[in-house]
Amino acid sequence: MKECFGWTGTVLLIDLTTKEVTLDHPDPAIYRKYIGGRGLAGHYLSPHATREWADPTLPILIFTGPLTGTLAPTSGRGTIMSRSPLTGAICDTSVGGRLATQLKYAGYDGLIITGKSDTPCGIEILDSEVQITPSNLHGATSNEVFTHLESSILTGASVACIGPAAENGSRLASIMVDRHHSAGRGGLGLIWAEKNLKYLMVKGTGETHVHDMDALKETREDIFRLTAASPVLMGQHGFSCWGTGSLFDLMDSRSMMPTDNFQKTRFPNAHQLNAAAYKKKFVSQKHGCSGCHILCKKIAQDGRPIPEYEAMAHFTALIGNHNIDLVLDANDVCNQLGMDPISVGSTLACHREITGQEYTQKSLMNALHKMAQGDDLGHGSFFFANTCGRSETSMSVKGMDLPAYDPRGAYGMALAYATSTRGGCHLRAYPLSHEVLRKPVATDRFSFSGKARIIKIAEDINAIVDSLTACRFTFLAASLEEYTKAFIAVTGVQISGQDLLETGERIYYNERIMNAANGFSASDDDLPARFFTEPGTSGGGVDIPPLDRTEFLAARANYYRVRKLDENGNPTPEITKRLGLDQ
Amino acid sequence: MKRLCDKYATKLVTQGLAAPNDPIIGGLDAELVWNRPDPRIEEFTKLFDVLSINSLVFSKPAEPYATILDFLAGRTKSAIRPEDTETRTFLHDIPICREFTASAMEVNLKKRKAVIIPGEGIISCGTVSPEQGFVFYSSTIFACFVLFFSDYLNKLRNKTLDDEYREIFQRVVKNLPQPHTTLPQQVSGPFTDEDTVLAAMAESGRHVVGYGLVDSFFGNISYKLNGTVYISQTGSSLEELEGCIDPCPMDGSATTGLTASSELSAHEDVYRRSNYRCILHGHPKFSVIMSMYCDKQDCPNRGKCHIKCTECRTVEGIPIVPGEVGTGPTGLCNTLPPAIASSGSAIVHGHGLFTAGLNDFNKAFERLLDIENQCRKHYFNMVKSYE
Numbered sequence: 001m002k003e004c005f006g007w008t009g010t011v012l013l014i015d016l017t018t019k020e021v022t023l024d025h026p027d028p029a030i031y032r033k034y035i036g037g038r039g040l041a042g043h044y045l046s047p048h049a050t051r052e053w054a055d056p057t058l059p060i061l062i063f064t065g066p067l068t069g070t071l072a073p074t075s076g077r078g079t080i081m082s083r084s085p086l087t088g089a090i091c092d093t094s095v096g097g098r099l100a101t102q103l104k105y106a107g108y109d110g111l112i113i114t115g116k117s118d119t120p121c122g123i124e125i126l127d128s129e130v131q132i133t134p135s136n137l138h139g140a141t142s143n144e145v146f147t148h149l150e151s152s153i154l155t156g157a158s159v160a161c162i163g164p165a166a167e168n169g170s171r172l173a174s175i176m177v178d179r180h181h182s183a184g185r186g187g188l189g190l191i192w193a194e195k196n197l198k199y200l201m202v203k204g205t206g207e208t209h210v211h212d213m214d215a216l217k218e219t220r221e222d223i224f225r226l227t228a229a230s231p232v233l234m235g236q237h238g239f240s241c242w243g244t245g246s247l248f249d250l251m252d253s254r255s256m257m258p259t260d261n262f263q264k265t266r267f268p269n270a271h272q273l274n275a276a277a278y279k280k281k282f283v284s285q286k287h288g289c290s291g292c293h294i295l296c297k298k299i300a301q302d303g304r305p306i307p308e309y310e311a312m313a314h315f316t317a318l319i320g321n322h323n324i325d326l327v328l329d330a331n332d333v334c335n336q337l338g339m340d341p342i343s344v345g346s347t348l349a350c351h352r353e354i355t356g357q358e359y360t361q362k363s364l365m366n367a368l369h370k371m372a373q374g375d376d377l378g379h380g381s382f383f384f385a386n387t388c389g390r391s392e393t394s395m396s397v398k399g400m401d402l403p404a405y406d407p408r409g410a411y412g413m414a415l416a417y418a419t420s421t422r423g424g425c426h427l428r429a430y431p432l433s434h435e436v437l438r439k440p441v442a443t444d445r446f447s448f449s450g451k452a453r454i455i456k457i458a459e460d461i462n463a464i465v466d467s468l469t470a471c472r473f474t475f476l477a478a479s480l481e482e483y484t485k486a487f488i489a490v491t492g493v494q495i496s497g498q499d500l501l502e503t504g505e506r507i508y509y510n511e512r513i514m515n516a517a518n519g520f521s522a523s524d525d526d527l528p529a530r531f532f533t534e535p536g537t538s539g540g541g542v543d544i545p546p547l548d549r550t551e552f553l554a555a556r557a558n559y560y561r562v563r564k565l566d567e568n569g570n571p572t573p574e575i576t577k578r579l580g581l582d583q
Numbered sequence: 001m002k003r004l005c006d007k008y009a010t011k012l013v014t015q016g017l018a019a020p021n022d023p024i025i026g027g028l029d030a031e032l033v034w035n036r037p038d039p040r041i042e043e044f045t046k047l048f049d050v051l052s053i054n055s056l057v058f059s060k061p062a063e064p065y066a067t068i069l070d071f072l073a074g075r076t077k078s079a080i081r082p083e084d085t086e087t088r089t090f091l092h093d094i095p096i097c098r099e100f101t102a103s104a105m106e107v108n109l110k111k112r113k114a115v116i117i118p119g120e121g122i123i124s125c126g127t128v129s130p131e132q133g134f135v136f137y138s139s140t141i142f143a144c145f146v147l148f149f150s151d152y153l154n155k156l157r158n159k160t161l162d163d164e165y166r167e168i169f170q171r172v173v174k175n176l177p178q179p180h181t182t183l184p185q186q187v188s189g190p191f192t193d194e195d196t197v198l199a200a201m202a203e204s205g206r207h208v209v210g211y212g213l214v215d216s217f218f219g220n221i222s223y224k225l226n227g228t229v230y231i232s233q234t235g236s237s238l239e240e241l242e243g244c245i246d247p248c249p250m251d252g253s254a255t256t257g258l259t260a261s262s263e264l265s266a267h268e269d270v271y272r273r274s275n276y277r278c279i280l281h282g283h284p285k286f287s288v289i290m291s292m293y294c295d296k297q298d299c300p301n302r303g304k305c306h307i308k309c310t311e312c313r314t315v316e317g318i319p320i321v322p323g324e325v326g327t328g329p330t331g332l333c334n335t336l337p338p339a340i341a342s343s344g345s346a347i348v349h350g351h352g353l354f355t356a357g358l359n360d361f362n363k364a365f366e367r368l369l370d371i372e373n374q375c376r377k378h379y380f381n382m383v384k385s386y387e
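Structure (structure tokens):
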């Protein structure tokens with residue numbers, strides 16, 4: 001491409017079967033059409049979206065965005081994407097650390113890995129030098145991989161790797177990045193294992209060229225000002241001070257704490273296991289991704305990460321554990337073995353409900369190790385519950401386990417869970433922002449009124465956020481208005497926020513098309529029956545009845561209308577054509 | 001959606017921001033609904049087809065705001081850029097759209113949150129609720145009011161005032177609402193239980209709005225009881241505080257204040273430094289205008305007064321401090337607490353007024369009203385002195 005502001009104009013392709021390394025230079029129109037990150041990855045995944053996860057030709061895609069590696073706040077993120085071994089749906093995950101920044105500095109907008117190495121290997125990238133290196137790290141934990149590579153790699157390089165869980169076939173396998181960051185959801189680590197790829201190391205010495213640095217600095221100040229004004233981000237109870245664990249007290253006080261496998265929504269011991277308790281006991285320090293000023297990650301004095309909110313909740317309330325040390329241990333073991341703590345917690349809760357067995361420290365740790373060794377539990381609650389003939393105990397959507405936000409306490413969340421293109425996921429539309437966190441303004445969390453269009457617009461916005469790429473937490477303070485200015489400043493491409501939203505619509509619709517090609521339809525856009533038949537925990541003046549099934553289905557039908565899908569939730573030829581997705 | 005459209009149409013009128021029956025508010029889920037029929041809806045409907053929005057707010061402002069906006073728009077090429085906190089932080093600038101067509105409005109709404117259409121009104125929109133449109137509409141009026149009166153005083157002092165401004169100013173002043181001079185009856189403290197605290201906060205919040213001492217982004221209010229600060233939630237409307245107050249233990253044992261006002265840190269620090277039990281924060285317009293008035297022409301910090309002012313400034317004896325919203329390095333959490341702790345009240349440059357009370361909201365409210373009235377009087381005295 002002629003312009004090299006924001007984007008590098010180059011995508012790196014590596015075939016692990018043939019060891020062939022090639023470069024692709026996408027047409028500038030493709031960049032305009034998909035932006036980067038999740039959008040570009042989806043574009044490249046599309047022709048291969050129906051391949052089975054064990055098919056060597058199924059690509060794993062790692063993409064940066066035009067803002068990656070610039071002064072734009074929280075722009076250090078990237079996307080890892082493929083088809084999920086857990087759900088069969090498309091699966092992308094926004095990943096932090098330094099990975100995307102280093103890939104960009106090495107000169108690449110994205111990396112596409114296909115094929116299968118005949119022996120375990122690592123990929124090492126130093127600018128234009130790309131090596132596929134035999135690895136003797138098979139079976140090593142993530143920390144062992146990081147420690148081993150740290151002694152031999154260049155300062156500032158980024159390392160991503162899988163742990164034993166992936167190598168043993170777990171569909172909950174994650175990809176760990178730079179020791180403390182995880183691409184957790186959907187079992188994408190299993191695809192790495194299937195390709196015999198143990199690790200990826202990237203170091204770049206270049207930079208991201210910016211079209212108008214003054215304009216970028218001005219926008220950066222605007223975003224900083226908005227962030228500073230945000231209680232959720234920079235307030236004394238906000239993510240910067242406490243990590244996302246600061247949600248723990250709030251979710252419990254709002255009767256949204258999934259407890260005993262979503263059979264209750266308040267956790268009596270919450271006050272002993274909240275973010276304040278972790279801070280007092282583990283004396284954490286701030287840590288964050290490249291280019292971030294919020295620094296929401298917290299690291300304990302002994303170097304282990306303090307769990308994110310979802311892991312805090314799922315390793316306590318969801319499974320009946322009151323031991324704070326055990327939460328840290330379980331979270332750390334998940335990281336070491338390379339497993340998604342959300343799905344792991346949910347599967348343990350499902351197991352507890354079916355068997356009636358309470359967890360002890362020993363039994364919980366045993367369960368985690370068994371999951372990583374290829375036990376039935378290691379394939380997630382959907383698989384396990386069905387194996388036991390108790391499918392109703394899997395609290396999942398499209399086979400992906402639900403995170404720690406009870407949908408009976410936030411109806412937009414209920415709709416967002418059901419319609420998410422990657423299954424049980426709170427991040428696609430992130431209705432928590434307005435239903436609980438009051439941003440941009442508060443909405444009635446016990447109503448489906450207006451939620452269909454709200455969810456659709458939010459999905460489009462977040463598709464853009466993941467494509468620019470930026471952290472969606474920033475959007476609890478700033479908006480597309482400010483990030484559009486940043487995009488223009490970086491790339492020089494004159495575009496409006498509304499234009500970017502239309503691109504977000506394209507990116508999301510493309511995911512719907514890929515899912516439809518894999519047989520997903522309205523029956524998959526649904527919640528576990530429990531939420532329509534059992535109440536949550538009422539009290540404190542708040543009533544938590546079961547969701548009204550009729551209202552839910554009406555809201556879902558509204559969503560299909562707003563999203564311009566057919567009545568079965570599938571894409572229509574007219575919209576597919578309008579969005580330029582029919583080529 | 002219809003209920004929300006009706007609610008915010010009513011709110012615009014009751015808060016004196018629009019004339020009765022004037023607001024047009026649309027909301028879209030699967031179906032587009034409006035608060036009332038109007039021929040202009042046909043044009044507005046087109047905006048829903050081209051913008052990813054779920055709500056739209058339009059109205060001609062009530063007087064004197066309509067006159068102010070049209071005047072400022074008449075002297076502005078493309079966008080008004082006031083320097084109050086609302087604009088600096090949230091609006092950035094306010095575009096002017098000179099055509100009453102969907103295509104012209106679309107161009108501006110694609111860039112900014114609210115747009116002035118001279119002679120017609122303000123249009124704004126939201127992605128989750130008509131409340132967003134209401135907030136942006138309200139913020140626009142507040143910012144333009146402050147800009148209009150600030151500029152007038154500065155031009156008068158600098159002897160650059162023209163006849164048109166003088167004439168419009170006279171017309172606007174005639175339409176200003178009379179200041180309140182009587183105080184509301186509020187429950188007496190000190191309060192000893194949570195329920196009484198919450199009820200007293202809700203009562204005082206309603207009075208602050210009813211007296212016009214809060215505009216735009218709603219201010220905040222708190223009360224300290226037994227080591228816990230009860231504070232209004234971020235973005236909450238002070239006249240609707242029921243269910244929107246967060247208990248925040250000062251010992252840091254819980255993070256339930258995650259949704260609390262962005263000024264929680266400042267409130268807490270005031271309580272640590274003093275014996276006050278309650279704080280009220282509003283955005284009374286003349287207090288804000290006077291906070292931005294400074295005759296030090298050659299100050300090296302000019303243009304950055306809101307964060308860098310080092311002068312010991314007061315208006316009618318009330319300290320004026322710099323500081324931005326929230327907890328950043330230039331946040332008002334660093335400047336406000338010592339000022340309030342020492343005098344019981346302080347104005348944040350371009351932002352608003354904070355007042356404190358020892359037992360209940362009576363004294364804090366009295367201070368809030370009295371200071372605003374003093375600032376208003378002081379403003380017009382200065383105008384007279386320069387004429």
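Chains A and B, in that order, are what the protein sequence lines are.
Read in order, the letters of the first sequence correspond to residues 1 to 583 in full-length UniProt numbering.
Read in order, the letters of the second sequence correspond to residues 1 to 387 in full-length UniProt numbering.
Ideal placement from N, C-alpha and C gives every residue a C-beta, glycine not left out.
Buried or exposed (CB count within 10 angstroms, at least 16 for buried), residue i
| i | result |
| --- | --- |
| T133 (chain A) | exposed |
| L264 (chain B) | buried |
| H25 (chain A) | exposed |
| E308 (chain A) | buried |
| P95 (chain B) | buried |
| P47 (chain A) | exposed |
| Q336 (chain A) | buried |
| R312 (chain B) | It is Cys, not Arg, that sits at residue 312 (chain B) in the sequence shown. C312 (chain B) is exposed by the Cβ-count criterion. |
| A311 (chain A) | buried |
| C375 (chain B) | buried |
Cβ neighbours of residue i in the same chain (closer than 6 Å, five flanking residues each side left out)
| i | result |
| --- | --- |
| residue 643 (chain A) | This structure does not reach residue 643 (chain A), given that chain A is present from 1 up to 583, and the question cannot be answered. |
| K19 (chain A) | I132 |
Helix, strand or coil at residue i according to DSSP, with G and I counted as helix
| i | result |
| --- | --- |
| W34 (chain B) | strand |
| K60 (chain B) | coil |
| S82 (chain A) | strand |
| R273 (chain B) | helix |
| E263 (chain B) | coil |
| D49 (chain B) | helix |
Residue i - partner residues in DSSP beta bridges
| i | result |
| --- | --- |
| C161 (chain A) | A:M176, A:Y199 |
| residue 393 (chain B) | This structure leaves residue 393 (chain B) out entirely; chain B is present only between 1 and 387. |
| L111 (chain A) | A:L12, A:I62 |
| D246 (chain B) | B:I231 |
| I191 (chain A) | Paired residue(s): none; I191 (chain A) is not in a bridge. |
| N220 (chain B) | B:H281 |
| M514 (chain A) | According to DSSP, which records beta bridges pairwise, M514 (chain A) is partnered with nothing at all. |
Spatial neighbours of residue i in its chain, beta-carbon cut-off 8 Å, leaving aside the 5 residues before and after
| i | result |
| --- | --- |
| T228 (chain B) | P247, C248, P249, M250 |
| R166 (chain B) | none |
| L161 (chain B) | Y152, K155 |
Residues of its chain near residue i, where Cβ-Cβ distance is below 7 Å and the 5 sequence neighbours each way are ignored
| i | result |
| --- | --- |
| Q494 (chain A) | I488 |
| R367 (chain B) | G344, S345, T355 |
Check: Where are the alpha helix (DSSP H) runs, 4 residues long or more, that stay fully inside the region 397-453 of chain A, in chain order?
Finding: 411-419, 432-435
Item checked: Runs of alpha helix (DSSP H) wholly within the region 278-336 of chain A (minimum 4 residues, chain order) -> 309-314
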